[in-house]
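Structure first, then comments.
Residue numbers (the numbering used here): 1 to 66.
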(Lines of atoms letter the chains of each structure in order from A; the text may use other names.)
(Lines give C-alpha, C1' and ligand atoms only; values in the text may rest on other atoms or scores of the structure.)
Protein backbone atom coordinates (compact mmCIF):
# COMPACT_ATOMS: atom_id res chain seq x y z
CA UNK A 1 0.00 0.00 0.00
CA UNK A 2 1.37 3.39 -0.98
CA UNK A 3 1.38 5.62 2.09
CA UNK A 4 3.14 8.61 0.51
CA UNK A 5 -0.09 10.61 0.60
CA UNK A 6 -0.46 9.93 4.30
CA UNK A 7 3.16 10.94 4.91
CA UNK A 8 2.47 14.33 3.25
CA UNK A 9 -0.32 15.15 5.69
CA UNK A 10 0.47 17.53 8.53
CA UNK A 11 2.04 15.76 11.50
CA UNK A 12 -0.95 16.58 13.71
CA UNK A 13 -3.32 14.87 11.27
CA UNK A 14 -1.04 11.84 10.99
CA UNK A 15 -0.92 11.57 14.78
CA UNK A 16 -4.70 11.87 15.02
CA UNK A 17 -5.13 8.98 12.58
CA UNK A 18 -2.50 6.84 14.33
CA UNK A 19 -4.02 7.53 17.75
CA UNK A 20 -7.45 6.62 16.42
CA UNK A 21 -6.17 3.32 15.05
CA UNK A 22 -4.37 2.59 18.33
CA UNK A 23 -7.59 3.28 20.24
CA UNK A 24 -9.60 1.11 17.86
CA UNK A 25 -7.22 -1.82 18.33
CA UNK A 26 -7.18 -1.42 22.12
CA UNK A 27 -10.96 -1.10 22.38
CA UNK A 28 -11.42 -4.14 20.16
CA UNK A 29 -9.03 -6.21 22.26
CA UNK A 30 -10.84 -5.18 25.44
CA UNK A 31 -14.23 -6.00 23.96
CA UNK A 32 -12.96 -9.34 22.71
CA UNK A 33 -11.58 -10.24 26.14
CA UNK A 34 -14.79 -9.21 27.91
CA UNK A 35 -16.94 -11.08 25.40
CA UNK A 36 -14.89 -14.24 25.73
CA UNK A 37 -15.19 -14.12 29.52
CA UNK A 38 -18.94 -13.54 29.33
CA UNK A 39 -19.49 -15.91 26.43
CA UNK A 40 -21.61 -13.23 24.79
CA UNK A 41 -20.34 -13.63 21.21
CA UNK A 42 -20.76 -16.51 18.85
CA UNK A 43 -17.90 -17.94 16.81
CA UNK A 44 -18.80 -15.86 13.75
CA UNK A 45 -19.01 -12.63 15.74
CA UNK A 46 -15.72 -13.40 17.48
CA UNK A 47 -14.00 -14.06 14.15
CA UNK A 48 -15.40 -10.81 12.77
CA UNK A 49 -14.14 -8.81 15.75
CA UNK A 50 -10.72 -10.47 15.52
CA UNK A 51 -10.61 -9.58 11.82
CA UNK A 52 -11.46 -5.95 12.55
CA UNK A 53 -8.69 -5.78 15.15
CA UNK A 54 -6.19 -7.38 12.78
CA UNK A 55 -7.05 -5.00 9.92
CA UNK A 56 -6.77 -1.92 12.14
CA UNK A 57 -3.41 -3.13 13.50
CA UNK A 58 -2.11 -3.84 9.99
CA UNK A 59 -3.20 -0.41 8.80
CA UNK A 60 -1.53 1.16 11.83
CA UNK A 61 1.67 -0.69 10.96
CA UNK A 62 1.60 0.55 7.36
CA UNK A 63 1.24 4.16 8.46
CA UNK A 64 4.03 3.98 11.05
CA UNK A 65 7.22 5.77 10.07
CA UNK A 66 9.83 3.42 8.63
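All residues carry an ideal CB built from backbone N, CA and C; glycine is no exception.
Helix, strand or coil for residue i? Go by DSSP, reduced to three states.
i	result
residue 2	coil
residue 64	coil
residue 32	helix
residue 55	helix
May I have the straight-line CA-CA distance separating residue i from residue j, to the nearest angstrom?
i	j	result
residue 34	residue 4	37 Å
residue 41	residue 54	18 Å
residue 24	residue 15	14 Å
residue 11	residue 61	16 Å
residue 47	residue 18	24 Å
Taking buried to mean at least 16 other C-beta atoms within 10 Å of its own C-beta, is residue i buried or exposed?
i	result
residue 13	exposed
Could you round the C-beta distance between residue i and residue j to whole angstroms and report it? I think they count as a contact, below 8 Å.
i	j	result
residue 28	residue 56	7 Å
residue 21	residue 49	Not really, about 16 Å apart at Cβ, beyond 8 Å.
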